[in-house]
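Before any comments, here is the structure.
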Amino acid sequence: MSQPIRNVLIVGGGTAGWLAACHLAKKLSSNSAQGIAVTLIESPKIPTIGVGEGTVPAMRQSLQYLGISETEFVRECDVTFKQSIKFVDWCKPLSANSQHSYHHLFDYPDLASLDITPYWLQGLAGDLPYADAVSVQSRLCDAGLGPKNMTHAEYAGITNYAYHLDAAKFALLLTRHATTKLGVKHIKDLVEQVLCDQDGNISGVVTAENGVLTADVYIDCTGFRALLIGDACQVPFISKSDVLFADSALAVQVPYADVNQAIPCFTVSTAQEAGWIWDIGLSTRRGTGYVYSSRHTSDERAEQVLTQYLRGTQVTGSIEARKIEMQIGYREKFWHGNCIALGLSQGFVEPLEATGLLVYDATARMLAEQFPSHTALMPALAQRFNQRVRLAWDRVIDFIKLHYFISNRDDSQFWLDNRDVAGCPTSLLDNLAVWRQQLPSAYDFHSKLEIFNLENYLYVLYGMQFPTDLTDQQFRFPDSAKAKQMLAFYQHKAQQLQAQLLPHRELIARIKHYGLSKI
Amino acid sequence: MSLPVVPLHKDVHGALKLNASRNLNEFASQHMFPVSVHEFVRAGAEFPVVFVKDAASGQFRSVALAGLMPNENIYAVANVLPTYLPLAVQNYPMVLIAEANVENQFAIGINTNSPLVQTESGEALFTETGEETTYLQQRKQLLIRSYEQLQITDAFIQLLQQLDLLMAQSFTVEVNGEVANINGIYIINEQKLNELSVEQFEDLRRRGFLPSIYSQLTSLHQLSRLASLKANLRQE
């Protein structure tokens, strides 16, 4: 018999758990008497992974939607702004003393006015990097400037931006917001056992101090442990380590060399012999780490590589990195019966494009939006949810693989294996076959819910000098005059903006001091 | 207001005489003047009184507009005598200088480059024995009052923000057929004002802010007066 759904139990805190709690409570009016009750149980004894420090602009929309003050967020979570990911050394050096690098910007190219790409490919912009040809943002990034100035309201800016944040502090902010504003009930206790009924639904969780807790719907935010979706519901994990090789990380927090050191307004991702190193500047410290393939290198060697990188960026003193083992792939189903997995229990790939928080935030929003009103609706909604989330992960995996597959690096087995067709998903191979002779098009990204779209591909493909050959197709592109105008416009506009915008560190300092207004 | 401002000292400035500001002519390239909430009623009878954000801090300030675009002071160019001079202008060329690292400690500063500072005509600041004249004491008191009023104004603006009573408003002004857009201006949201609870509204009344709030709203009509002043200027 179909019953109205009245309550949800989220098992596990951390960023994913609290994001899910906020989205559900906001959408389901948990702070009103008639709303659906959302409870989150977390054990103070179980540490969170707490490494995810990069976000994409969708997070900005989520925070605003959830009613969190951007000023408080900046002040409390050591936040800095992120306008791009700068990929360094993902291709061979251009010359003996010039590293390869490119920006994957958050400002999308203005394709509605004119797609400059074919003109850029034909050499209209000379040696200008692709990102510089289609946007002002790469120049602002390289000039060390923030995305907004003090007269911008919260969540508004001149360029599109996301954040770098301290994951542990962010979880605390979300906890406070969820419990004081959105009506989420918080239980600090250890889940000792998960109970299932004969249909494979979860019938309760046994806690150390609060007895058995029951709910209509259970959300698994227990991280890689996957207590509910894995251990209890027995939903298998599908490994993708044959496509994405990086399965280990050494993470380390390092101080700034001095308190006035400029903070990059972008994440730096520097490719290495068996993976890549992330480098994120928060307001109080840097967060860095080496993500690598354990099949291609040893932990000892990885530590050497990370140390060498940090020594090259003015870090002195001892480096005590934390080792994290990652399960690469996703669950066969994300919604099984009355159990839904969000966060690491759902799936994970190397955080090259800040996909962790991105996918968890997107799926939490999706779940909140389509949350079943009655139990009878659950099978149909579960099926849709599973299809969509599976597609999202597959598309994410394609996009991450792209960064490796089109590289020209051949200096280690890691890169040679990455460029091998055997490890490349067919969907990506098919796209690349077309794009060798034809421009990527919005029609290649037909699902409205894709996480990475045409614009993201353009930045990576042409940042990495992907050879789309249009030589016999020039008649299709008669707008060189307009393309030239746009190139000149971006250059001029960037100069104008450079005079208006503050250095990133100064912007953060002023926001902490004065705050941003809501309007 | 234009620099340089130096601390006032009897040894250096003993012989100076000061004249009162009577117009805005000295500020030909300044299009807005800070006004305190206490001045809204009188300033609003002459100028549009609005809120703008300080570029460096993003904090709201209340100002009277004397021009329709940056660097334009229609009163100065047209040599029009306003019926009310903002306190900041009345104080000029004297200002308070905050003491570094000490809260609420100020020195008196003076811009000696101002034509209002003379040696022949005007009111003496110091007696022959180096004592402060009554005139200087009055001017100092005006400075202090002005400072106190700005403190209250900051609290007033904070309250408006807490009550969500400020909103961005762009204006389109036509001068001799030319249309100009004025952006970056914030005003009081009349609809939100009307939607306040009885308690919230009563609080504003009790604190004496209601006349200022309504003066700000009615002062917006001065925009068209400013535009016609500018139009007349062009035709001359």
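Top line first, the protein sequences correspond to chains A and B. So the number in the numbering used here is just where the residue sits in the first sequence, counting from 1, plus 485. Position 189 of the second sequence, counted from 1, bears residue number 179 in the numbering used here, the numbering being contiguous throughout. Heads up, the beta-carbon is just placed ideally off N, CA and C, and yes, glycines get one too. Computed from a prediction, not measured in an experiment: that's the story for all the values here.
Between the alpha carbons of B:Thr109 and B:Gly120 lies a distance of about 15 Å. Taking 8 Å as the threshold, the shortest C-beta distance from B:Gly57 to chain A does not fall below it.
In the pairwise beta carbon analysis, the stretch -3 to 5 of chain B is classified as not touching the stretch 671 to 682 of chain A: fewer than three pairs are separated by under 8 Å. Cβ-Cβ distances below 6 Å link B:Arg32 to Tyr74 in the same chain, with the five nearest sequence neighbours on each side left out; the list follows chain order.
When C-beta distances to chain B are compared with 7 Å, the residues of the stretch 629 to 644 of chain A below that value are Met635 and Thr636, in chain order. Look at the stretch 971 to 1002 of chain A: the residues with a C-beta under 7 Å from a C-beta of chain B are Arg995, Tyr999, Leu1001 and Ser1002. Bounds of the alpha helix (DSSP H) holding B:Pro201 are Leu200 to Ser209. If you ignore the 5 residues before and after B:Glu62, its C-beta comes within less than 6 Å of the C-beta of His21, all in its own chain and listed in chain order.
The stretch 629 to 649 of chain A and the stretch 563 to 580 of chain A touch, with no fewer than 3 CB-CB distances between them shorter than 8 Å. Close partners of B:Leu210 in chain A (Cβ separation under 8 Å) are lacking, with about 17 Å as the shortest Cβ gap. C-alpha of A:Leu680 to C-alpha of A:Ala907: approximately 42 Å in a straight line.
Within the same chain, and ignoring the five residues on either side of A:Ala747 in sequence, the residues whose Cβ sits closer than 8 Å to its Cβ are Gly629, Pro988, His989 and Arg990.
By the Cβ test, the stretch 613 to 621 of chain A is not in contact with the stretch 519 to 534 of chain A, since fewer than three Cβ pairs between them sit closer than 8 Å. Chain-ordered listing is empty here: chain A has no CB closer than 7 Å to the CB of B:Gln225, the nearest sitting near 34 Å.
Inter-residue distance for A:Gly685 and A:Ser726 is about 29 Å (C-alpha atoms, whole angstroms). Counting along the chain, A:Thr755 sits inside no alpha helix (DSSP H); it lies in the beta strand (DSSP E) bounded by residues Thr752 to Gln757. At a cut-off of 8 Å between beta carbons, B:Ser47 contacts chain A. Comparing alpha-carbon positions, the option among A:Leu513, A:His821, A:Lys969 and A:Lys978 lying closest to A:Ser688 turns out to be A:His821.
Spatial neighbours of B:Leu153 in its own chain (CB-CB distance under 7 Å, excluding positions within 5 residues in sequence) are listed in chain order as Leu186 and Gln190. If you compare the alpha carbons of A:Gly1000, A:Phe884, A:Ala806 and A:Ser858 with that of A:Gln488, the shortest gap goes to A:Ser858. Uninterrupted beta strand (DSSP E) stretches at least 3 residues long and entirely within the stretch 542 to 578 of chain A occur at 565 to 567 and 569 to 573, given in chain order. The alpha-carbon of B:Gln139 is positioned some 31 Å away from that of A:Gln985.
Between A:Ile490 and A:Glu838, the gap from beta carbon to beta carbon reaches 8 Å or more.
Close to B:Tyr176, with beta-carbon spacing below 8 Å, are these residues of chain A in chain order: Ile1004. Proximity of B:Phe17 to chain A, defined by a Cβ-Cβ separation below 8 Å, is not satisfied. Going by C-alpha positions, A:Thr664 is about 45 Å away from A:His781. Take A:Ala861, set aside five residues on each side of it, and the residues of its chain with a beta-carbon closer than 6 Å to its own are Ser487, in chain order.
Between the stretch 721 to 736 of chain A and the stretch 496 to 513 of chain A, the count of C-beta pairs closer than 8 Å stays below three; the two stretches do not touch.
Within the stretch 93 to 152 of chain B, the complete beta strand (DSSP E) runs of at least 3 residues fall at 96 to 100. Taking a contact as a CB-CB distance under 8 Å, the pair A:Val559 and A:Leu843 does not count as one, their CB atoms being some 20 Å apart. Under the three-state reduction of DSSP, A:Pro952 is assigned to coil, being neither helix nor strand.
By the beta-carbon neighbour count (other beta carbons within 10 angstroms, threshold 16), A:Leu934 is exposed. Between the C-alpha atoms of B:Val188 and B:Ile178 there is a straight-line separation of about 18 Å.
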